[in-house]
Amino acid sequence: MLAQEHPDLFQKAVEYEQNHADGRTSTWTQGEILLELLDRKDQIIANHEKAMAKQQQSLQRQHLADVLASVLDEEDEEEDALPCLACHI
Numbered sequence: 025m026l027a028q029e030h031p032d033l034f035q036k037a038v039e040y041e042q043n044h045a046d047g048r049t050s051t052w053t054q055g056e057i058l059l060e061l062l063d064r065k066d067q068i069i070a071n072h073e074k075a076m077a078k079q080q081q082s083l084q085r086q087h088l089a090d091v092l093a094s095v096l097d098e099e100d101e102e103e104d105a106l107p108c109l110a111c112h113i
């Protein structure tokens, strides 16, 4: 995390959000400044870990055929997807 590993760069990012000559403000995420994100760090990490555990649990329950069908569906949705050469020879 930038705030922990490079506190000087994090401080520069905070200053960039707040100090604009024309009076405007900017944020790295919509509607939340970096200091607010930093305050919510533990909650964000906990939510991420919970979502990853839920996804992992969901994947463990799926049949191989369902997983492969999902992958193929995602590939079909890509506009520039090229056909599998092994399947089309």
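Count the sequence shown with the working numbering and you get residues 25 to 113, in order.
The beta carbon of each residue, even a glycine, is placed where N, CA and C say it ideally should be.
Residue nearest to residue i in terms of C-alpha spacing, selected from the options
i   : options            : result
L62 : S82, D97, V95, P31 : P31
N58 : G47, Q42, E73      : The sequence given here places Leu at residue 58; Asn does not occur at that position. Residue Q42 is the option with its Cα nearest to L58.
W52 : K65, A37, H87      : A37
Pair within 8 Å by beta-carbon distance, residue i and residue j
i   : j   : result
F34 : A27 : yes
One or two residues paired with residue i in a DSSP bridge
i   : result
E56 : T53
message = My parser needs the alpha helix (DSSP H) runs of 4 or more residues fully inside the stretch 37-97; what are they?
response = Restricted to the stretch 37-97, the alpha helix (DSSP H) segments that are unbroken, complete and at least 4 residues in length are 58-63, 65-85, listed in chain order.
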